[in-house]
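So the structure is just underneath, and the comments pick up after that.
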Amino acid sequence: MDDSVRQKWVNAFNAGEPECEKLGAVHLLSHGIWAFKANATGGRTDLVYQEPLTNINADERLADGLVLTEWKKLSDGGNPTRYFESARNQSDCYSTGVLAGTELTRYRYAILVSRQDVDVPDDFTNGLVTYRHVNIAIEPRTPSKRH
């Protein structure tokens, strides 16, 4: 990560989880994934369609780019395993109700922003949903100092 990008992540980390989500949305956009914060009575999510589905066949071609993300900021001394679990559990809440849609059925990303790198659980599948875990460390340790 170059110095200017690192400083943006440090600033977002210091400002709190919503700022990490915003910066993460910009990063996803640079990869062609449109990220939106949607808020409705009874639900809130980070990545949704911008229009209602009218032609499911056309939308299926884009399915790999339509995912649900749940962001967590790991406070210093926090338990990363617990935060990843919390992100997975929270993402499950979005599979029904006002925010449900086909973008929530295949992949869900639990993203943990932390000061230093943490152990990341392996991806796993539960039913039809694959949970992927990502750690964005704003001050990663060198490989020789990790363990």
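Going by my numbering, the sequence shown runs without a break in its numbering and finishes at 321.
Here a beta-carbon is modelled for each residue, glycine too, at the ideal position from N, C-alpha and C.
A Cβ-Cβ contact shorter than 8 Å links Tyr281 with Thr304.
The residues Ser288, Gln290, Asp291, in chain order, have a CB closer than 6 Å to that of Ala311 in the same chain once the five nearest residues on each side in sequence are set aside. The beta-bridge partner set that DSSP reports for Ala199 is empty. Setting aside the 5 residues that flank it on each side, Arg306 is surrounded in the same chain by Tyr281, Tyr283, Asp297, each with a C-beta closer than 7 Å to its C-beta; the list follows chain order.
A Cβ-Cβ contact shorter than 8 Å links Trp245 with Glu191. For Tyr268, there is no enclosing alpha helix (DSSP H), as DSSP marks it with neither H nor E. Selection Leu242, Leu203, Val294 evaluated against Arg256 yields Val294 as nearest (Cα-Cα).
Note: Val303 is bridge-paired with Asn300 in the DSSP secondary-structure output. In the three-state scheme derived from DSSP, where H, G and I count as helix and E and B as strand, Arg282 is classed as strand. Out of Asp250, Leu242, Ser204, Leu203, the CA that lies nearest to the CA of Asn263 is found in Leu242. Taking the CA atoms as reference points, Arg180 sits about 11 Å from Leu197. Cβ-Cβ distances below 7 Å link Arg315 to Gln290, Asp291 in the same chain, with the five nearest sequence neighbours on each side left out; the list follows chain order.
The three-state reading of DSSP puts Val292 in coil, since its state is none of H, G, I, E or B. Under the three-state reduction of DSSP output, Glu259 falls in the helix class.
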